[in-house]
Amino acid sequence: MQDHRRLGRELEIFDTDPLIGAGLPYWLPAGAAMRHELEEYAYNTERMAGYQHVHSPVLAKRELYEISGHWSHYRDGMYPPMQVGAEQVVLRPSLCPHHALIFRSRSRSYRELPLRIAELGGMYRAELSGVLGGLTRVRSIQLNDAHIFAAPGQAAAEVGSALAMIRQAHADMGITDAWYRLSLPSPSGKYVGSPQMWDQAVALLRAALEDLSQPYETGEGEAAFYGPKIDVQVADYSEREASLSTIQVDFYQPDRFDLTYIGPDGAPHRPVMIHRSVIGGLERLVAHLIEVHDGAFPPWYAPTQLTVLPVGEGQLPEALALERRGAEMGLRVAVSPPERGTLASRIRASRLVPYLAVIGAREAAASQVSLRLRGGTQLPSLSAAELLAKISEIVASRSVELWQH
Ligand SMILES: [Zn+2]
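Shown next, in the form of structure tokens:
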């Protein structure tokens, strides 16, 4: 495992500039390609699981966060309000209040529940510049977030499906080192709501972990101010721990925002709000993927999936044609031309790319390419069309293996 800050810059995934500021990295093309795939993954899996996507503003009036409780419990992590005329607006510290308002924007029937509202959106943290670094300690976060508004009897099943989604996502991304934590309040901490509300929420989370036979530890004092959580934890190269995914059961914000749905009895009822993030903040996720894979990513989100290496200038037209065909099929293909050095040195420079296609005079004459997998495995020559079809199939299946025979 290597420090993502060094490897991430070397692989041109992200960088920073003092004029933009500490904790505000920008994403270079290789990082943007990865991030796009991971975001697509979140959108697709959520759509298939019955989520509806929304977009909401990253700013809101200060009053919104006073109602949500963030202003009194989380103000240290928030940016100071900006005065605009007679109003104060704040960069949002989380997406929850916006989604509560979207739920409340019209009357809701029990038939609509569970209502799953998802958004991949920005949130902001006023971290001090001394603690910032790379993609892990940042001031601006793109979060894969969702809030499920459920009748009390539906909450357990929703927590269970969110947990299953997280486990599948980690398997698809090749994350095998995460561990699960049930994050509980500390006896002395500042929390909102009644003890009975907390017991009920903890019982739901515990039951979901046990139903899926998911081993977990418990962490006292790690709960959110409004409720307990399941946190999926990872450690970075220096063994510093962070949460990648989370599920939280919240009876508090529905009260604060006076959220109701009309039940089968025609009367208003209070929904439960489940906060969940499957892949977490994109910054932290990509930092972790860089470190666990040492830059050798599974083909589906590798920044470059195939490098084409013409042996001499004479094979450059074939190499460029292969690059173009690959791009038309939605693959990320790059040509490494002979002017960059010997074949051996170009192969070394592309050592983290899953697939290398070498085209020499013999291959060009036979309309074939010679294929090397990352790690050096040499496969029998095949046609460009066969190669691209095979890679597309592996990418579509999100296999973490490079080749299926
Ligand atoms: Zn939330």
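First residue of the sequence shown? That's 646 in the numbering used here, and the numbers climb one at a time after it.
Virtual Cβ for every residue (Gly too), placed ideally from N, Cα, C.
Please read all numbers here as calculations on a predicted model, not as lab measurements.
Between the CA atoms of residue j and residue i - distance to the nearest angstrom
i        : j        : result
Ile-747  : Gly-975  : 35 angstroms
Ala-848  : Val-879  : 24 angstroms
Met-818  : Glu-685  : 13 angstroms
Thr-863  : Leu-930  : 23 angstroms
Thr-949  : Ser-774  : 33 angstroms
Arg-753  : Ser-828  : 31 angstroms
Gly-838  : Gln-845  : 12 angstroms
Gly-925  : Gly-695  : 19 angstroms
Arg-900  : Pro-909  : Looking at the sequence provided, one finds Asp at residue 900 rather than Arg. Their backbone Cα atoms lie some 20 angstroms apart in a straight line.
Ala-801  : His-792  : 14 angstroms
Glu-708  : Ser-922  : 25 angstroms
Ser-739  : Tyr-688  : 19 angstroms
Arg-1043 : Gln-1049 : 12 angstroms
Val-953  : Ala-823  : 35 angstroms
Ser-858  : Thr-821  : 16 angstroms
His-744  : Pro-726  : 21 angstroms
Val-734  : Lys-1035 : 52 angstroms
Pro-962  : Arg-969  : 11 angstroms
Ser-1026 : Arg-812  : 37 angstroms
Ser-1028 : Leu-1001 : 14 angstroms
Pro-889  : Arg-737  : Sequence check: residue 889 is Leu here, not Pro. When rounded, the distance between both Cα atoms is 20 angstroms.
Arg-651  : Val-937  : 14 angstroms
Met-646  : Asp-881  : 8 angstroms
Pro-759  : Gln-799  : 7 angstroms
Assumed close pair residue i, residue j - CB separation to whole angstroms, cut-off 8 angstroms
i        : j       : result
Ala-809  : Tyr-755 : Going by Cβ atoms, the distance from Ala-809 to Tyr-755 rounds to 24 angstroms, so no, they are not a contact pair.
Ser-1012 : Ala-994 : With a Cβ gap of about 26 angstroms, Ser-1012 and Ala-994 do not count as contacting.
Leu-934  : Phe-942 : 7 angstroms
Glu-886  : Gln-787 : Wrong, their Cβ atoms sit about 21 angstroms apart, outside the cutoff.
Arg-749  : Phe-902 : 6 angstroms
Counted within 10 angstroms of its Cβ, other Cβ atoms place residue i as buried (16 or more) or exposed
i       : result
Thr-661 : buried
Val-804 : buried
Val-998 : buried
Ile-658 : buried
His-681 : exposed
Pro-860 : exposed
Leu-830 : Residue identity differs from the one stated: residue 830 is Pro in this sequence, not Leu. Pro-830 should be labelled buried.
Gln-893 : buried
Ile-665 : exposed
Leu-780 : buried
Ser-883 : exposed
Ala-932 : buried
Tyr-671 : exposed
His-815 : buried
Gly-834 : exposed
Thr-891 : buried
Proximity test, Cβ basis, 8 angstroms: residue i and chain B
i       : result
Gln-733 : Judged by its chain identifiers, the structure shown contains no chain B, having just a single protein chain.
Any residue with its C-beta under 5 angstroms from a non-hydrogen atom of ligand 1 counts. Can you list them all in chain order? Sorted by position in the chain, Cys-741, His-920 make up the residues whose C-beta lies under 5 angstroms from a heavy atom of ligand 1.
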